[in-house]
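Undergrad:
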Amino acid sequence: MNSRRAGNTTRRVKNDESSLKNPVYSAKSNNSVRSRLMKELSEIMLSSNKSVTAFPDEENTFKWHGKIKGPADSIYQGLAYKMSLNFPENYPYEAPTIKFVTPCFHPNVDAQGNICLDVLKEMWSSCNSVLSVLVSIQSLLQDPNIESPLNPQAATLWKTPIEYKRALISASSDAIEVFNSW
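The UniProt record's numbering applies: residue 1 is where the sequence shown begins, and numbers increase by one.
1) Can you grab the Cα-Cα spacing for the pair Pro103 / Ser32, in whole Å?
2) For the beta strand (DSSP E) that Pro56 lies in, which residues bound it at each end?
3) What does the Cβ neighbour count give for Glu46, buried or exposed, with the cut at 16 atoms within 10 Å?
4) Since Thr102 is in the alpha helix (DSSP H), which residue starts that stretch and which ends it?
5) Run the CB neighbour count on Gln138, radius 10 Å, all protein chains shown included, and call it buried at 16 or more, exposed below.
6) Can you tell me whether Ile115 is helix, strand or coil according to DSSP?
7) According to DSSP, is Met83 helix, strand or coil?
8) Please work out which residues of its chain come closer than 6 Å, Cβ to Cβ, to Ser173, disregarding the five sequence neighbours upstream and downstream, and give them in chain order.
9) Buried or exposed: Ser170, going by 16 or more other Cβ atoms within 10 Å of its Cβ?
10) Are Val130 and Ile44 touching if we call contact CB-CB under 8 Å?
11) Identify the residues that DSSP records as bridge partners of Trp64: which are they?
12) Out of Lys50, Arg34, Gly70, Lys39, state which residue places its alpha-carbon closest to the alpha-carbon of Glu59.
13) Suppose the cutoff is 6 Å on Cβ atoms and the five residues either side in sequence are ignored; what does the same chain contact list for Tyr91 look like?
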């Protein structure tokens, strides 16, 4: 009897896994994600915060383009960065992949634009929104975590503001151009 019960449980799990591959289930899931993303687009458009923005790609709702201005009264003031946002099929239960497209010299950003930020990793919550994450990235610009750098050179230079600013300026021509086109 126990072996039968274990067999039924196994069969039940297999049925649940196969339902995830069901195109009808997948379409419903995608519609749910699209609906959530459109709600978040509305939140961004209605927000009074005009220093961050994002919008979906014309051909793929799961791929967005974003921009972030450097925070006022920070070393990044006068700079702006283009971002890429890619949403998984199970968003918001899994974090989007967000990267800097415009090169960004920063302790928590690597040369490929990857970002080391807890809300994009282990602290991700389905309560987060595109707007809240972009604001978190914007805050990270002025308040980096130099204890956990993706760019060790930037983390070292952060400790000497004059040297950091010099390195930032030499690496920021694209960010100035993005800011001027905002």
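We put the CB at the ideal spot given by N, CA and C, even for glycine.
TA: On the basis of the supplied data:
1) Cα to Cα, the separation comes out at about 33 Å.
2) Segment 52-56, the beta strand (DSSP E) holding Pro56.
3) The sequence given here has Leu at residue 46, not Glu. So Leu46 ends up on the exposed side.
4) Careful: Thr102 lies outside any alpha helix (DSSP H) and carries neither H nor E.
5) Looking at its Cβ environment, which holds 16 or more other Cβ atoms inside 10 Å, Gln138 is buried.
6) Strand, per DSSP.
7) In the structure shown, the three-state DSSP call for Met83 is strand.
8) Cβ within range, chain order: n/a, list empty.
9) Looking at its Cβ environment, which holds fewer than 16 other Cβ atoms inside 10 Å, Ser170 is exposed.
10) Yes; because the gap between Cβ atoms is below 8 Å, this pair is in contact.
11) Answer by DSSP bridge pairing, in chain order: Pro56, Leu85.
12) Comparing Cα positions, the closest option is Arg34.
13) So the qualifying residues of the chain are Val33.
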